[in-house]
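Quick note on the working numbering: the sequence shown kicks off at 1 and runs consecutively.
Encoded as C-alpha cells, the structure appears first; notes follow it.
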Amino acid sequence: MTKPIIRIENLSVGYTKPLLEKINFVIQPGEIVAIIGISGLGKTTLLRTIAGLIPKLSGKIFADIRPRGGIGYIPQRLGLVRHASVYHNVELGARCGVKVRDDSGNIFNWSKRKAVVVRNSVEEVGLADKIDEPIRRLSGGQQRRVATARAMAQNPELILADEFLSELDKENADAIIALVKTYVSNNQCGMLLVEHHSERAKQIADRIIDLSDFETKSIEEE
Ligand SMILES: Nc1ncnc2c1ncn2[C@@H]1O[C@H](COP(=O)(O)OP(=O)(O)OP(=O)(O)O)[C@@H](O)[C@H]1O
Ligand SMILES: [Mg+2]
C-alpha cells in the first residue's frame with residue numbers, strides 16, 4: 001500500500017470551542033478530496049488548521065510532506081499582494097518551490113529556474129498577457145487564477161484550496177479544473193478543496209466529504 005500524503009485522526013477544530021469534531025480521513029498520492037457543507041460550518045477553519053495557521057483543538061495530523069513549501073494553500077480570501085504584479089505574487093510561491101540543488105548536490109541557477117517556473121505557472125492559468133499588471137487591476141476570477149498559479153509554482157505535495165473556483169465562469173472553471181487534475185496526477189500530490197457547488201465538487205474530486213452530516217461519501221471513480 002502507498003503511504004498517504006496526509007492522515008487526519010479524530011481531529012477537532014475551532015477557535016474557542018469546537019466547530020467540527022472527530023474528523024477522520026486520509027488523502028493518497030494523486031487523490032483529490034472535496035469538502036462540502038453549509039456556510040459557517042468550519043470548512044475554512046479546518047483548512048487553516050491543516051495548513052498550520054491556527055492550532056488544532058485535539059486529534060492528530062500526520063503529513064508526509066516537506067516542512068518548507070510542502071503545502072500550497074489557496075485561501076478563500078486569496079492573500080495576494082495587491083500593489084504587486086502577477087509575476088511577483090506567483091514568484092512568492094516559486095521561491096519555496098524551486099530546488100536549489102540537483103540530485104547530485106550541484107547548485108542550480110536558481111533565479112533563472114524560478115523565472116521559468118513563474119512564467120509557466122502564469123501561462124497555465126491563462127494570464128500570460130497580465131503578467132506585469134498589479135493585482136488590484138484584475139477581476140475577481142483572474143485574482144483566483146493568480147492564487148492558483150502561486151500555489152502550483154510552489155511545487156506543493158498537498159494543495160489546500162478554499163472555494164478557489166468561485167467567480168469563474170464555466171469555461172474558465174473547466175480549464176482550471178483540468179489543469180489542477182493533470183497537475184495532481186502528474187506530480188502525485190494530494191489535494192483537499194472546499195467547494196460550495198456540489199456539481200463542481202463531483203467534477204473535480206475523486207471523493208466527497210459532506211461535513212453537514214459527518215458521513216464520508218465516495219463517488220464512483222472514472
Ligand atoms: N478568527 C476567528 N476567530 C473566531 N471565530 C472565527 C474566526 N474565523 C471564523 N470564525 C467563526 O467560525 C465559524 C466557522 O467559520 P469558517 O470560516 O470556518 O466557516 P466556513 O464553513 O468556511 O463558511 P463559508 O462557507 O461561509 O466560507 C463561523 O461562525 C465564524 O464566525
Ligand atoms: Mg469558508
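All residues carry an ideal CB built from backbone N, CA and C; glycine is no exception.
The model shown is predicted, which means the values in this text are computed figures rather than measured ones.
Please classify residue i: does DSSP put it in a helix, a strand, or coil?
| i | result |
| --- | --- |
| Y73 | strand |
| K3 | coil |
| A51 | coil |
| I176 | helix |
| S12 | strand |
| G190 | strand |
| R41 | Sequence inspection shows Leu at residue 41; the Arg mentioned does not correspond to that position. Residue state, collapsed to three classes: coil. |
Using a Cβ-Cβ cutoff of less than 6 Å, which residues in the same chain neighbour residue i once the five nearest sequence positions on both sides are dropped?
| i | result |
| --- | --- |
| T216 | Note that T216 scores a pLDDT of 40, beneath 50, so its modelled location is shaky; the value from the coordinates is reported in the next line. Closer than 6 Å at Cβ, skipping near neighbours: I209. |
| L47 | L160 and D162 |
| S58 | S12 |
| K22 | N10 |
| F62 | R7 |
| A173 | L165 |
Please find out if some non-hydrogen atom of ligand 1 comes closer than 6 Å to the beta-carbon of residue i.
| i | result |
| --- | --- |
| Y73 | no |
| G40 | yes |
| L19 | yes |
| Y87 | no |
| Y183 | no |
Please work out which residues of its chain come closer than 8 Å, Cβ to Cβ, to residue i, disregarding the five sequence neighbours upstream and downstream, and give them in chain order.
| i | result |
| --- | --- |
| K228 | Outside the displayed span of the chain (1 to 222) sits residue 228, for which this structure offers no information. |
| E221 | Residue confidence for E221 is low, a pLDDT of 36 falling below 50, so the modelled location carries little weight; the figure read from the coordinates is stated next. The answer, listed in chain order, is D206. |
| I219 | Unreliable placement is indicated for I219, whose pLDDT of 40 sits below 50; no coordinate value is reported for it. |
Between residue i and the rest of its own chain, which residues show a CB-CB distance below 7 Å, the 5 nearest in sequence each way excluded?
| i | result |
| --- | --- |
| R68 | C96 |
As an exercise, report each continuous alpha helix (DSSP H) stretch of at least 4 residues that is fully enclosed by the stretch 96 to 165, in chain order.
Complete alpha helix (DSSP H) runs here, min 4: 110 to 124 and 140 to 153.
Mind listing, in chain order, the residues whose beta carbon lies closer than 7 Å to a non-hydrogen atom of ligand 2?
Answer in sequence order: K43, T44, Q76, D162, E163 and V194.
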